[in-house]
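Every number in the numbering used here is 650 more than the matching position in the sequence shown, counting from 1.
Ideal placement from N, C-alpha and C gives every residue a C-beta, glycine not left out.
Data block below; observations after.
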Amino acid sequence: MLALGLLFVVFIGSANALPLPHCDNVTIVTREEWGAQPSKSVSYMGTPVSIVFIHHTAMSECHTKDKCAEEMRVIQRFHQVDRGWDDIGYNFLIGEDGRAYEGRAWDRIGAHTLGWNNVAIAFSIMGDYSHKLPNDAALDAVHAMIDCGIKLGKITPDYKLYGHRDAGNTECPGQQLYDLIRTWKHYGRLGNEPLVKPTPIPYQPTTYTSGTY
């Protein structure tokens, strides 16, 4: 029974998309807008989470809504078909058009950071940032999405932020982006100490009031 309290699983159906509130200072492109395929199954996690991971896709960058929507479909197909995952791995993806693109959204467990998916939200910037930084529009969108997550009660105000490589054997989110996020206020790793995983909290369905957050 404890496991059922911590993890609420829904198979294909209307649970593929909870109502998505509007966020202040950033536009979120919904799954319907970018042409997502249905999730194979959906697992929910408790929020607010205290951990945020930053990724890059290490694939193509995009600078317009149409191109970013196309790239979202490419990434989802790669994750679902080639990797055999239930859906696109990240909670949200960010384009260099300055928009956020809905992946698994705020409440659904992702497939982004092994061992941490049920206690963290991940934002992935579309592109490869090993040798250059994302543009200001993308970086501003990341900050706006984190702020929105706090206002919605999906991210704790005292959250810790990490790069994907902090929790696994990977170069993600690329050296240039990683060096940048290490200067951000909420970056949480000091030296080489291991990350401490918080205890998952029970999932509670969310009802949003109308308006912008």
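- Close CB contacts of A770 within its chain, under the 7 Å cut and outside five residues either way in sequence, are with V699, I701, V702, F703 and T763 (chain order).
- Taken in chain order, the complete beta strand (DSSP E) segments of 3 or more residues contained in the region 683-767 are 691-694, 699-706, 742-744 and 750-752.
- Every alpha helix (DSSP H) of 4 residues or more that sits fully in the region 817-858 is shown, in chain order, as 825-831.
- Assigned with DSSP and collapsed to three states, H814 falls in helix.
- Beyond the five residues adjoining it in sequence on each side, V792 comes within less than 6 Å, by CB distance, of I744 and F773 in the same chain, given in chain order.
- From the listed residues A788, I805, P844 and K835, the smallest Cα separation to N819 is found for P844.
- Relative to A794, the option among A750, K847, T856 and S689 whose CA is nearest is A750.
- When DSSP reads this structure, A772 sits in a beta bridge with F703.
- About 5 Å separates the beta carbons of E746 and H713, which is inside the 8 Å limit, making them a contact pair.
- Residue pairing by DSSP places C798 opposite no residue, since no beta bridge is assigned to it.
- Separation of D674 and G696 (C-alpha to C-alpha, rounded to the nearest whole angstrom) is 23 Å.
- The three-state secondary structure of D786, taken from DSSP, is helix.
- The residue among I851, K810, K847 and N842 with its C-alpha nearest the C-alpha of I831 is K810.
- Beta-bridge pairing by DSSP links V676 to C673.
- Distance from the Cα of D816 is smallest, within the candidate group A686, K847 and A755, for K847.
- Around the Cβ of T707, a 10 Å sphere holds 16 or more other Cβ atoms; the residue is buried.
- Note that the C-beta distance between L789 and Q826 is not below 8 Å.
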